[in-house]
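S.K.: Residue numbers (the working numbering): 2 to 148. Glycine is no exception: its CB is placed at the ideal position from the N, C-alpha and C atoms.
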């Protein structure tokens with residue numbers, strides 16, 4: 002049996018009588034070939050320290066997607082042509098925008114590394130994501146006092 006598209010599958014691993022066993026959810030993308038005059042677009046969005054950015058808004062012209070926890074996004078069967086790809090993750094990251102060309106029966110991969118906003122790099126919000134603090138707009142690393 003051949004399945005095209007994105008399929009969510011729950012897979013149980015281990016002995017179901019063991020209370021420490023967990024179910025994991027996976028997204029399987031297999032054998033997805035776009036039809037003639039269409040292509041696919043996918044990629045991974047990363048941010049601070051190269052970590053994946055989940056729940057970022059990814060827009061291809063007017064069509065929207067959200068990244069998953071691994072920072073991945075996917076647009077299937079996009080008509081051939083030139084598009085504007087926009088990626089946003091408020092309030093931490095600068096808006097990213099670029100041109101993308103979809104080619105017939107192709108898989109276009111566009112990975113994006115978002116830049117932190119200047120207010121986040123040098124202000125208090127950085128403390129929330131990097132374990133550092135800020136005084137007067139100057140970032141400093143917090144150190145634990147040794148006994």
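Can you list, in chain order, the residues of its chain with a C-beta nearer than 6 angstroms to that of residue 61? Leave out the 5 residues immediately preceding and following it.
M.R.: Answer for residue 61: 76, 84, 86, listed in chain order.
S.K.: Helix or strand or just coil, what does DSSP make of residue 50?
M.R.: Residue 50 falls in the helix class under three-state DSSP.
S.K.: Going by DSSP, what residue range makes up the beta strand (DSSP E) through residue 92?
M.R.: Here residue 92 belongs to no beta strand (DSSP E), and DSSP marks it neither H nor E.
S.K.: Please identify the residue among 55, 118, 105 whose C-alpha is closest to the C-alpha of residue 73.
M.R.: Looking at the Cα atoms, 55 is the closest of the given residues.
S.K.: Which stretch, first to last residue, makes up the beta strand (DSSP E) that contains residue 109?
M.R.: It spans 108–110 - the beta strand (DSSP E) in which residue 109 sits, taken as one unbroken run.
S.K.: In terms of residue numbering, what span does the beta strand (DSSP E) encompassing residue 34 cover?
M.R.: Premise fails: residue 34 is in no beta strand (DSSP E) and is neither H nor E.
S.K.: Taking DSSP as the reference, what is the three-state secondary structure of residue 119?
M.R.: DSSP places residue 119 in helix when its eight states are reduced to three.
S.K.: In three-state DSSP terms, what is residue 43?
M.R.: Reduced to three states, the DSSP call for residue 43 is strand.
S.K.: Quick check: the Cα distance between residue 81 and residue 45, rounded to an integer number of angstroms?
M.R.: So the alpha carbons of these two residues sit roughly 21 angstroms apart.
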